[in-house]
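Engineer: Below is the structure I would like to discuss, written out as structure tokens.
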């Protein structure tokens, strides 16, 4: 019983179904873990009473027909949760309690899960290390001096530390995949439009996408199945039939063509990353897949393009935080303009301000054509690169990140080097494609490294299948000592 | 019809100036719910009672386009003989204000839903075509109320998110009268279409007015000023008048006109500067990533086109052809759909030309007097038609008809019943009349003699006597004939 929380979601679901453990016992086990892991700072809000209540309710009348029967789940604090404080990691929403539930979390609860708490994240999901949160930085369970990645750093940390059986994050430029890679866990950014954005605090609307973060690929398929689906409240939601990702999960990938893009071998990339990539290729080849060299020629423009498009949208999306209707309002200022200035100066942190400034600049008259419009054109070219490649291959294999988890504070004063961490992940967001980050090995310091599988739009099943086969043959296992408790 | 000449010019020492005007009309779309949310659009609710989470821009809220508003914009575009764009894009117009919850207004910038069109005006100097530049859909903002409290501003978001059509004219208008005719025509077209109620008091129709002046004969436009948010035709006309003269004065003094945004002060009857071009907002327009481009299928446009009602210009032509009305009459009778409907109902049952004369004359005067409109007229179309018919058939005279009309207004009764019960029927029986006239003549032998001696003026006296004796009911034409015959003998 003591080790229930280090099992995978699917194992836990099996234990619940077979009544080896009750939902209440499970929930209590997680609560105990969370209380012992305060050092990690992965939670902003806990909802223990509510979770225990829900667990009891489940045990009294168990319904095991659901995908997530009786399982407590903590979610990134970017998802609005009814009557539970939702901060987006920002002072400006420090006191904000939504009266509504995001579609994605509602989908989880409709599938039998219930809320365990809200997980720390970079402020408005802007960051790659979870160091921009108003609620303090999160620590990677891999080592007390390491960042857990970002922006879904609370999610990756909590998952790797067994504080939640699975979780969800959002990925605008890598915010699920990079933290998954840094913590030895599985993270999926689905096709843009597969999961509803309704009720998720917006960062960059054309890039934001919610996705699962789990311990295994099978868990990932279960979570994706539960959270995805058409939503008529989101105009960019894709109207298609729901898929049974977990039921259809296969590990036979014989004959699949895997693209290896030469542009992902960047300058100064650590040798270990290269070796990891080689290892991944070998595993897939041994499983009968065919490796094909491809070119994605516009890859090098992806990062600058991303850092124009995302801040532009953010500068507009964050205009609503003005202190007028909800959230933080500064008490200083003698008129409306001063109230705005003080509220936003005090309410937002530096990284958010930096991106608002960049975004405002690139949309300004006289600069719009040179920056925003050009970035949109390049974005189309990046998308076309992928479209062209996918006429030849079924999926693309790349490293997830150019390095393993870095030290807390290491990059906080160097935003450009921080942004470079997204170099392998942002092209996928710009193209709206699904991509899965899989734990694949350790660097020489013993820190996890991930590989990324990119799929065609709406081809989640295929990359999950490849990931599933890869996982079985890779032999990666997170060995985390619970040094914090 | 004799045509007057256009003569709205401003004479300065240095020459004669013409005024160039373009309008940006904001028309509230007639729709039950807002452009991107399900909130009600009903006028007059208590503050902040018609506000959804979307209208108040809560975190994570997303706009979803209201299809009915899109259809209304297409209908309006078709009514303006305009090009409907199968592809249009919603953009964000970014600025901060307390009554703008999102911090941006969702509008259409580069790709509007409706392109170029035209509107025909009937001016005393002939018909004039005004070009439409574009029509686009956008959200309204909320309302800031500054006079409820000395130290705070209150915000009412009921209007926030309501769908507006911004209809931009080309700079084709040349006088306050043309502006009046243009606004009224737009209003008429939209009311026919049912796409905007045109209610200026409730703010359903407002305009930004662009004014410039140039010497007659100049090819290039002068520098324009934009007068923001004027909400009545009278104020628009006053603002144009003031602004054009202000600009001419500047030019006459050898000064330059600054391109700027101005406000019209209705109390002082003058425009004053709001912000200069240098202070103009940089709205940082960009396509709203929460909304996909709006793609309209040709079939939808074709179907909407087929289901359009007859529009005022066509109806006017038909009234002239079918009912033999003149252009003036037809114009008045098509000015409101309800008026034209009423007229057609009356015309079906009575003399078409006489019906038009009586409607435009007595009926409109009465409605105007009582502050009523045709929809709540105390006289039904059927009764009005009956009245027209009793006049036409000679059953009552025009003079009596006016009395009957008055009684109809008071009682709402049927005219035949009134004539019957009050014995107002015209006396048209020649024998009866002859008997009465003989009686009068025999009583006034002296006057008959004078008449016969050549004092023909006395004919009027005899008619008067007949009318007096018949209480005005004697058929005037018949009376004349019989009198003449008997006086000869």
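Protein chains in written order, with the numbering used here: chain A, 6 to 490; chain B, 996 to 1484.
In this text, a Cβ means the ideal position worked out from N, Cα and C, and glycines have one as well.
Predicted model, so just to flag it, every value in this text is computed and none were measured.
(1) For residue 239(A), decide whether its Cβ has a neighbour in chain B, counting only Cβ atoms nearer than 8 Å.
(2) Please report the straight-line C-alpha distance between residue 996(B) and residue 1117(B), rounded to a whole angstrom.
(3) Within its chain, find whatever has a CB closer than 6 Å to the CB of residue 327(A); leave out the 5 residues flanking it on each side and keep chain order.
(4) By DSSP, does residue 1234(B) sit in helix, in strand, or in coil?
(5) Report yes if the CB atom of residue 463(A) is closer than 8 Å to the CB atom of residue 443(A), and no otherwise.
(6) Whose C-alpha, out of 52(A), 142(A), 369(A) and 11(A), is nearest the C-alpha of residue 415(A)?
(7) Straight-line CA distance for residue 80(A) to residue 103(A)?
(8) Measure the C-alpha to C-alpha separation of residue 1133(B) and residue 1175(B) and round it to an integer number of angstroms.
(9) Listed from N- to C-terminal order along the chain, which residues in the segment 1070-1104 of chain B have their beta-carbon within a distance smaller than 7 Å of any beta-carbon of chain A?
(10) Going by CA-CA distance only, name the one from 1430(B), 1164(B), 1205(B) and 1420(B) that's closest to residue 1072(B).
(11) Compute the distance between the beta-carbons of residue 1099(B) and residue 1106(B), then report whether it is under 8 Å.
(12) At the 8 Å Cβ level, is residue 109(A) part of the contact set with chain B, yes or no?
(13) Are the CB atoms of residue 144(A) and residue 162(A) within a distance shorter than 8 Å?
(14) For residue 1337(B), which residues of its own chain have a beta-carbon under 6 Å away from its beta-carbon, when the five flanking residues on both sides are left out?
(15) Roughly how many whole angstroms lie between the Cα atoms of residue 301(A) and residue 1183(B)?
(16) How would you call residue 170(A), buried or exposed, if buried means at least 16 neighbouring beta carbons within 10 angstroms?
(17) Does residue 463(A) have its Cβ less than 8 Å from a Cβ in chain B?
(18) Counting C-beta neighbours from all protein chains within 10 Å, is the total for residue 950(B) 16 or more, i.e. buried, or is it exposed?
(19) Spell out whether any CB of chain A is found under 8 Å from the CB atom of residue 1051(B).
(20) Buried or exposed: which applies to residue 23(A), given that a residue is buried once 16 or more other Cβ atoms fall within 10 Å of its Cβ?
(21) If we require 3 or more residues per run, which beta strand (DSSP E) segments fall completely within the segment 1011-1094 of chain B?
(22) For residue 94(A), which of helix, strand or coil comes out of DSSP?
(23) Going along the chain, which residues of the segment 86-98 of chain A sit with their C-beta nearer than 9 Å to a C-beta in chain B?
(24) Quick one: grab the DSSP three-state call for residue 131(A).
(25) Please identify the residue among 33(A), 11(A), 384(A) and 121(A) whose C-alpha is closest to the C-alpha of residue 49(A).
(26) Near residue 999(B), what residues of its chain come up, given a Cβ to Cβ distance below 6 Å and the 5 sequence neighbours on each side ignored?
(27) How many Å lie between residue 1350(B) and residue 1238(B) at the Cα?
(28) Over what stretch of residues does the alpha helix (DSSP H) that includes residue 1120(B) continue unbroken?
(29) Would you call residue 1367(B) buried or exposed, if buried means 16 or more other Cβ atoms sit within 10 Å of its Cβ?
(30) Starting from the Cα of residue 123(A), find the closest Cα among 351(A), 172(A) and 273(A) and give me that residue.
(31) Name the chain C residues that come within less than 7 Å of residue 204(A), Cβ to Cβ?
(32) Should residue 289(A) and residue 446(A) be called a contact, given that it needs their Cβ atoms to be closer than 8 Å?
(33) Report yes or no: do the segment 421-430 of chain A and the segment 177-190 of chain A share at least 3 C-beta pairs separated by less than 8 Å?
(34) Relative to the ligand NAD, is the shortest distance from any of its heavy atoms to the C-beta of residue 320(A) smaller than 7 Å?
(35) Compare the C-beta of residue 1181(B) with all C-beta atoms of chain A and state if any pair is closer than 8 Å.
(36) Can you confirm whether residue 1060(B), when its beta carbon is compared against all beta carbons of chain A, has any partner nearer than 8 Å?
Structural biologist: Taking the definition as stated:
(1) Interface residue, yes.
(2) Per-residue confidence for residue 996(B) stands at a pLDDT of 45, beneath the threshold of 50, marking its modelled position as unreliable; the derived number appears in the next sentence. So the alpha carbons of these two residues sit roughly 13 Å apart.
(3) Answer for residue 327(A): 345, listed in chain order.
(4) Residue 1234(B) falls in the helix class under three-state DSSP.
(5) no
(6) For the residues 52(A), 142(A), 369(A) and 11(A), the minimum Cα distance to residue 415(A) belongs to 142(A).
(7) The alpha-carbon atoms of residue 80(A) and residue 103(A) are separated by roughly 15 Å.
(8) 24 Å
(9) 1087, 1089, 1091, 1093, 1096, 1097, 1098 and 1099
(10) 1164(B)
(11) no
(12) no
(13) yes
(14) 1369 and 1376
(15) 58 Å
(16) Around the CB of residue 170(A), 16 or more other CB atoms lie within 10 Å, so the residue is classed as buried.
(17) no
(18) Examination of residue 950(B) is not possible in this model, given that chain B is present from 996 through 1484 alone.
(19) yes
(20) exposed
(21) Runs of the beta strand (DSSP E) inside the segment 1011-1094 of chain B: 1086-1089.
(22) coil
(23) 91, 93 and 98
(24) coil
(25) 121(A)
(26) Leaving aside the five residues that flank residue 999(B) on each side, the residues in its chain whose CB is nearer than 6 Å to its CB run, in chain order, 1119 and 1120.
(27) 43 Å
(28) Run containing residue 1120(B): none; DSSP gives neither H nor E here.
(29) exposed
(30) 172(A)
(31) Checking the listed chains, one finds no chain C in this structure; the protein chains it contains are A and B.
(32) no
(33) Touching, per the Cβ criterion.
(34) Although the ligand NAD was asked about, the structure shown includes no ligands whatsoever.
(35) no
(36) At least one chain A Cβ lies under 8 Å of residue 1060(B).
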